[in-house]
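Printed below as a string of structure tokens:
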């Protein structure tokens, strides 16, 4: 079994268009959730989101590319360029055959669906652009990454709702660990902040109209976000041999299914995934210093997640830190675990724990150290990242300091 | 003959609970009728569609919502108030 290093990271999200800006926002506890700027907002009852502002695709892509790239693909490409550039890898030669890409997205090209449904239903047009299908398909981002970077090994996308990017990164980890790939680009992307994308979520009545306040007694729901994060997962010895900077080591991964309810989370399913990731990493619970929570800010998730953490860690649950950065960037659905992995890397590398902002009132059912409102300096050696999806699909990653 | 608000609400709840409307009594709770959180959200959607109203309800904290769902009677009363307040 090979060890797995992270040698590059890239992102775009509501907080910033790159990693340094995102980490700075995490340190400052800055909120990226704003009034939405989208078409037909006045017909939505939810009018806030973690939207990427000042996005001009033409700065990054030419016209021929833009007709093929939905926004979720654009975000992915931007994040991947940052990650690959940091890693210093070049896939043009033999390495390209030994490298691949696995990305998470729940909805794929939602804006493309939305725009074209409008054209045919609302505007009554009978013709759509020829590239609608290759633009909206869930694997479009993975395929365009493979083309841009010459990745000729395994390439595919994973859709497990809110756990998509954790499942994707877990699979990439397993491929590098097993030796079936030398390097994998991995992470996830989502771009659902359009009329149809938000209207669908409104229906469930789990969305907040004012803020995402995970673990706070007065929390009243989740807030959607958009963006992407992409990482380079690389064979540890390969990275060491070429003198690459190692941001963190991916140590373990586990996934479980609740097999019980299509929307309600399960403490047992979450706990089994957390315990499984520790086992896979051969790490004992009391080594874990920080958990990046799924922490959606819904009543159901936050209390179930805290109960699962208490079950797995026992007394150590009161000593570790757990925070939800969704309070700042919103819930990126299929891309959320990827953006949240940045907070894990920051904890390990910089010794700074990103806070849970918007925290106003303790909830006895979430009685853990949720790092309320202000970032904290602390040296941690092992961190976890939780993701628990609708459908009862749980995916937890364990990272170790390089 | 036009159905009353009460009859329509009872019919919606009965359909969700897979019961005969006659078995849905005014003092029933949704829990006692076997309606879970998804069934509740579906019932509210059906009520909004039937009466062309907007029901103030957040699944994160049903008890804090302005819409009282503690019994069938309280739901009917809340719907009647929303229907009365509906612009003509």
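Residue numbers (my numbering), protein chains in the order written: chain A, 1 to 402; chain B, 1 to 88. A virtual CB, placed ideally from N, CA and C, is assigned to each residue, including glycine.
As assigned by DSSP and simplified to three states, the class of residue 372/A: Locating residue 372/A in the first chain gives position 372, counting from the first residue. In the structure shown, the three-state DSSP call for residue 372/A is strand.
Which of the three DSSP states, helix, strand or coil, is assigned to residue 16/A? Sequence index remark: in the first chain, residue 16/A carries index 16 (1-based). Coil, per DSSP.
Check whether the Cβ atoms of residue 327/A and residue 212/A sit closer than 8 Å, and answer yes or no. As a working note, residue 327/A is residue 327 in the first chain. As a working note, residue 212/A is residue 212 in the first chain. For residue 327/A and residue 212/A, yes; Cβs fall inside 8 Å.
Using a Cβ cut-off of 8 Å, pull out every chain A residue sitting near residue 85/B, in sequence order please. As a first step, residue 85/B must be located in the second chain, where it is residue number 85. Among the residues of chain A, none has a CB under 8 Å from the CB of residue 85/B; the nearest is roughly 17 Å distant.
Once you ignore the five residues that flank residue 39/A on each side, which residues in its own chain have a CB closer than 7 Å to its CB? Translated into positions along the first chain, residue 39/A becomes position 39. The residues are 195.
Would you call the CB atoms of residue 25/A and residue 230/A closer than 8 Å? Locating residue 25/A in the first chain gives position 25, where the first residue counts as 1. Locating residue 230/A in the first chain gives position 230, where the first residue counts as 1. Taking C-beta atoms as the reference points, residue 25/A and residue 230/A fail to come closer than 8 Å.
Just the C-alpha distance for residue 381/A and residue 322/A, rounded to the nearest angstrom, thanks. In the first chain, the residue the question calls residue 381/A occupies position 381. In the first chain, the residue the question calls residue 322/A occupies position 322. When rounded, the distance between both Cα atoms is 14 Å.
Compare the C-beta of residue 38/B with all C-beta atoms of chain A and state if any pair is closer than 8 Å. Locating residue 38/B in the second chain gives position 38, counting from the first residue. Residue 38/B belongs to the set of residues whose beta carbon lies under 8 Å from a beta carbon in chain A.
Taking residue 72/B and residue 25/B to be in contact with their CB atoms under 8 Å, please state how far apart those CB atoms are, rounded to whole angstroms. Within the second chain, the letter at position 72 stands for residue 72/B. Within the second chain, the letter at position 25 stands for residue 25/B. At roughly 7 Å, the Cβ-Cβ gap stays under 8 Å, so residue 72/B and residue 25/B are in contact.
Under 8 Å, do residue 72/A and residue 174/A count as touching if we go by C-beta distance? If you number the first chain from 1, residue 72/A lands on position 72. If you number the first chain from 1, residue 174/A lands on position 174. Contact: no.
According to DSSP, residues forming a beta bridge with residue 155/A: Looking up residue 155/A in the first chain gives position 155. Residue 155/A pairs with 101/A.
Where the alpha helix (DSSP H) containing residue 200/A begins and where it ends: By one-based count along the first chain, residue 200/A stands at place 200. For residue 200/A, the enclosing alpha helix (DSSP H) starts and ends at 195-202.
Are the Cβ atoms of residue 223/A and residue 48/A separated by less than 8 Å? Locating residue 223/A in the first chain gives position 223, counting from the first residue. Locating residue 48/A in the first chain gives position 48, counting from the first residue. If you check the CB distance, residue 223/A and residue 48/A come in under 8 Å.
The region 184-212 of chain A: positions lying closer than 9 Å to chain B by Cβ: Hits within the stretch, in order: 203, 204, 205, 206, 207, 208 and 209.
Quick check on residue 75/B: does DSSP put it in helix, strand or coil? Your numbering for residue 75/B matches position 75 in the second chain. Looking at residue 75/B - three-state DSSP - the assignment turns out to be helix.
Roughly how many whole angstroms lie between the Cα atoms of residue 366/A and residue 306/A? What you label residue 366/A is simply residue 366 of the first chain in a count that begins at 1. What you label residue 306/A is simply residue 306 of the first chain in a count that begins at 1. Each residue's Cα considered, the two are about 6 Å apart.
Compile a chain-ordered list of the residues in the region 215-234 of chain A whose CB is closer than 8 Å to at least one CB of chain B. Result list: 219, 220 and 221.
Does the beta-carbon of residue 262/A have 16 or more other beta-carbons within 10 angstroms, so that it is buried, or is it exposed? The sequence position of residue 262/A within the first chain is 262, counting from 1. Answer is exposed; the Cβ neighbour count stays below 16.
Going by other Cβ atoms of all chains shown within 10 Å of its Cβ, with 16 needed for buried, is residue 70/A buried or exposed? Residue 70/A sits at position 70 when you count from the first residue of the first chain. Buried: at least 16 other Cβ atoms inside 10 Å.
Taking the alpha carbon of residue 38/B as the point to measure from, which residue in 204/A, 331/A and 235/A has its own alpha carbon closest? Taking the first residue of the second chain as position 1, residue 38/B is located at position 38. The candidate whose alpha carbon is nearest that of residue 38/B is 204/A.
If contact is defined by three or more beta carbon pairs under 8 Å, each pair taking one atom from either stretch, is the region 359-377 of chain A in contact with the region 139-157 of chain A? Fewer than three beta-carbon pairs drawn from the region 139-157 of chain A and the region 359-377 of chain A are found closer than 8 Å, and the two stretches are therefore not classed as touching.
Does DSSP classify residue 272/A as helix, strand or coil? By 1-based counting over the first chain, the position of residue 272/A is 272. Here residue 272/A sits in helix by DSSP.
Grab me the residues of residue 361/A's own chain with a C-beta within less than 6 Å of its C-beta, minus the 5 sequence neighbours each way, in chain order. The count along the first chain starts at 1 and reaches residue 361/A at position 361. So the qualifying residues of the chain are 216, 217 and 218.
Taking the C-alpha atoms as reference points, what is the distance between residue 317/A and residue 65/A? Your numbering for residue 317/A matches position 317 in the first chain. Your numbering for residue 65/A matches position 65 in the first chain. Here the alpha carbon of residue 317/A sits roughly 48 Å from the alpha carbon of residue 65/A.
Integer-rounded CB distance, given that residue 398/A should sit under 8 Å from residue 283/A: As a working mapping, residue 283/A is identified with position 283 in the first chain. As a working mapping, residue 398/A is identified with position 398 in the first chain. Between residue 398/A and residue 283/A the Cβ distance is about 6 Å, and since that is below 8 Å, they are a contact.
I think residue 330/A touches residue 225/A, with their Cβ atoms under 8 Å apart; what is that distance to the nearest whole Å? Within the first chain, numbered from 1, the residue matching residue 330/A stands at position 330. Within the first chain, numbered from 1, the residue matching residue 225/A stands at position 225. Right, their Cβ atoms sit about 3 Å apart.
Listing by chain order, which chain B residues have their CB less than 8 Å from the CB of residue 346/A? Counted from its first residue, the first chain places residue 346/A at position 346. Result: empty, since nearest Cβ-Cβ is about 29 Å, beyond 8 Å.
I need the boundaries of the beta strand (DSSP E) containing residue 25/B, first residue and last residue. The sequence position of residue 25/B within the second chain is 25, counting from 1. Per DSSP, residue 25/B belongs to no beta strand (DSSP E) and is neither H nor E.
8 Å Cβ cutoff, residue 41/B in contact with chain A: In the second chain, the residue the question calls residue 41/B occupies position 41. Taking 8 Å as the threshold, the shortest C-beta distance from residue 41/B to chain A falls below it.
Which ranges would you report for the alpha helix (DSSP H) in the region 128-189 of chain A if only whole runs of at least 4 residues count? As far as the region 128-189 of chain A is concerned, its whole alpha helix (DSSP H) runs of at least 4 residues are 132-136, 140-149 and 164-178.
Give the range of the beta strand (DSSP E) segment to which residue 13/B is assigned. Stepping through the second chain from its first residue, residue 13/B is reached at position 13. It is not in any beta strand (DSSP E) - residue 13/B instead sits in the alpha helix (DSSP H) that spans 5-17.
For residue 233/A and residue 112/A, I'd like the C-alpha separation in whole angstroms. To locate residue 233/A, count along the first chain from 1; it is residue 233. To locate residue 112/A, count along the first chain from 1; it is residue 112. Going by the C-alpha atoms only, they are around 30 Å apart.
Just to confirm my understanding: we take residue 14/B, look at its own chain, exclude 5 residues before and 5 after, and list those with CB closer than 6 Å. What are they? Here residue 14/B corresponds to residue number 14 of the second chain, with the count starting at 1. Take residue 14/B, set aside five residues on each side of it, and the residues of its chain with a beta-carbon closer than 6 Å to its own are 21 and 24, in chain order.
Between which two residues does the alpha helix (DSSP H) containing residue 264/A stretch? Counting from one through the first chain, the residue named residue 264/A turns up at place 264. Per DSSP, residue 264/A is not a residue of any alpha helix (DSSP H), being assigned neither H nor E.
Can the beta-carbon of residue 185/A be found less than 8 Å from the beta-carbon of residue 80/A? The residue given as residue 185/A occupies position 185 in the first chain. The residue given as residue 80/A occupies position 80 in the first chain. Yes, they are a contact pair.
Between the beta-carbon of residue 389/A and the beta-carbon of residue 163/A, is there less than 8 Å? Residue mapping note: residue 389/A aligns to position 389 of the first chain, counting from 1. Residue mapping note: residue 163/A aligns to position 163 of the first chain, counting from 1. In contact: residue 389/A and residue 163/A (Cβ atoms closer than 8 Å).
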